[in-house]
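The structure under discussion appears below in the form of structure tokens.
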Amino acid sequence: MEYVGNLAIEKLGLEYVEEKELYYVKIEVNQVRNMVADVSCLGKSLDLRLIVFLVRLLSAFFQDEEINEIKNLIGSAILDSEVKGGLRWPFGEDSSGSQYAVIGVWHTTAKSYGNSPIRFKLRHADRFDFRSSTGEVAQEASLKMPGIVSQLWKQTTDENLVLKMLEDNLRLIWDHCLSDDSSS
């Protein structure tokens, strides 16, 4: 991650945007993944996973009473840096009746970088899954391509332009992000 943080960002021509510290509370909502592709990158020290998904805002589906139950559930959380995920609930308050229950928490610290065609985020994540009682700490990098997304939303999309943009972005990833300093 240090390699990506120091060298790749500079080589990609990205500028610092912001740093955020966030807590996420996971309540069972399944994300629809339209495509997942694992790519073995021969000759590189890291592999690549491409995920294409559609984000749907679910707030329109909830009634006011349900939204208040979820807010109360999240509001009863206690910040605790000694536990995985950084949040805990008083005994018996990690669910809202039989309808909603906390199934996972994340504490993340992320630095964002970007330029016009791409957004790059380096994230330190501390997670806990209540269902399996397991936790993990991970260093992650994510790349968003808003230029490609805006082209896909257009009614008259030039497929060759989108493919060229995707190819250029994947070349940047291949050249600058799939190696770490352990190979040098």
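For the sequence shown, the working numbering assigns the number 9 to the initial residue and increments by one for each residue that follows. Glycine is no exception: its CB is placed at the ideal position from the N, C-alpha and C atoms.
Between which two residues does the beta strand (DSSP E) harbouring residue i extend?
i	result
D88	Segment: none, D88 is in no beta strand (DSSP E) and carries neither H nor E.
D134	R127 to D137
E26	E23 to I35
T117	Y108 to G122
Can you say whether residue i is buried or exposed, counting buried as having 16 or more other CB atoms within 10 angstroms of its CB?
i	result
T116	buried
D102	buried
G155	buried
Report, in whole angstroms, the separation of the C-beta atoms of residue i and residue j, which I expect to be a contact under 8 Å.
i	j	result
G94	D46	Incorrect: roughly 30 Å between the Cβ atoms, too far for contact.
V110	I35	7 Å
V44	I82	So it is not a contact: roughly 29 Å between Cβ atoms.
Heavy atom of the ligand ZN less than 7 Å from the Cβ of residue i, yes or no?
i	result
V25	The ligand ZN is not part of this structure, which contains no ligands at all.
Does the distance from the C-beta atom of residue i to that of residue j stay below 8 Å?
i	j	result
N177	M153	yes
G100	F138	no
Q159	L169	yes
F136	K79	no
H184	L20	yes
Which two residues bound the contiguous alpha helix (DSSP H) that contains residue i?
i	result
G155	P154 to W161
G83	D72 to G83
E175	E167 to H184
- Is it true that the stretch 43–59 meets the stretch 108–128, where meeting means three or more beta-carbon pairs spaced less than 8 Å apart? no
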